[in-house]
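To keep things clear, I will list the structure first and then write my remarks on it.
Residue numbers (this note's numbering): 20 to 355.
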């Protein structure tokens, strides 16, 4: 049977109409989803859109991670050595992990520095720092980067490798001194700016060798003031400022209401969170600093949170949620 021109045109029109209707419906559904996730009702936890996701270029650079443990502070549940470590096998990169303790009784294979074995105590993490530097300098000296953390530091390995990939394009860590960490002000040390140990230190190979070559200076200073102030003094001795290497993706200090905001009821508090100012100035010197970025954290610590709850609280934090410091050492949440 022959089909007339009018019938062909009619069928073509119906096809175009159906296509347009389906397209409009798809856009409407996508728009509703976008509005529900990112529009008028903000959510504390949400997955970033395709356009929001930061570029991830996982570095193949070899890195050594050293964890400093405390035998007297056993968390419940105790996930030390299996806290964030599963990410390494998931990603499949060449990362070595070492554990340094101040005494026996910790799970897994921990190295106890000889000075501690001989009876010395280590309240300021001095001996544990020195032991990790020795192991790196003797056994891991070909590694380009070194990351040091505490037993309750939660590390996002993918973002750490992405940061290293970016840094490797800018500097040569084998001959250039470089660090990355969170920073805060120490009231006990004349408000000096210090690198926070609880969220970890990323250290280039050249910087680690400089630390190792001056470890007796660090040891003396650490015995008086503890690891953070001593580490900051070492950076100053290298003719850098501690502020030069502060990274907003390393988070050591959280607002008091963190558990409520990141918990199940957090979405009920979104309207109580204020908008961030356009700029913030921190420390006694009033240095302009970026806001901390919990949604893309690299390493952090959540004090007083059970280890088995940390990864859940940190998952898919809204990228617009930031941490600001209207008063030093008194952080607050705010919206970008």
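Idealized CB from N, CA, C, for every residue including glycine.
- request: Would you kindly report the start and end of the unbroken alpha helix (DSSP H) that includes residue 157?
  value: 145 to 158
- request: Name the two residues that bound the continuous beta strand (DSSP E) containing residue 346.
  value: 340 to 346
query: What residue range is occupied by the uninterrupted beta strand (DSSP E) comprising residue 212?
result: 211 to 215
- prompt: Out of curiosity, what's the CA-to-CA distance linking residue 312 and residue 35?
  reply: 46 Å
task: Buried or exposed for residue 320, please, with buried defined as at least 16 other CB atoms from any protein chain shown within 10 angstroms of its CB.
output: buried
- request: Alpha carbon to alpha carbon, how far is residue 284 from residue 191? Give it in angstroms, no decimals.
  value: 46 Å
query: Secondary structure at residue 349, three-state DSSP: helix, strand or coil?
result: strand
- prompt: Does DSSP put residue 69 in a helix, in a strand, or in coil?
  reply: coil
message: Give me the residue from 99, 67, 347 and 193 with the minimum Cα distance to residue 168.
response: 99
task: State the beta-bridge partners of residue 136 as determined by DSSP.
output: Residue 136 pairs with nothing; no bridge assigned.
task: Report yes if the C-beta distance between residue 271 and residue 173 is below 8 Å; otherwise report no.
output: no
- prompt: Who are the near neighbours of residue 218 in its chain, counting only those whose CB is closer than 8 Å to its CB and skipping five residues on each side?
  reply: 168, 172, 200, 201, 269, 270, 271, 318, 319 and 320
task: Please state whether DSSP places residue 240 in a helix, a strand or coil.
output: helix
query: What residue does the alpha helix (DSSP H) around residue 184 start on, and which one ends it?
result: 176 to 187
query: Just the Cα atoms here: how many angstroms apart are residue 340 and residue 64?
result: 9 Å
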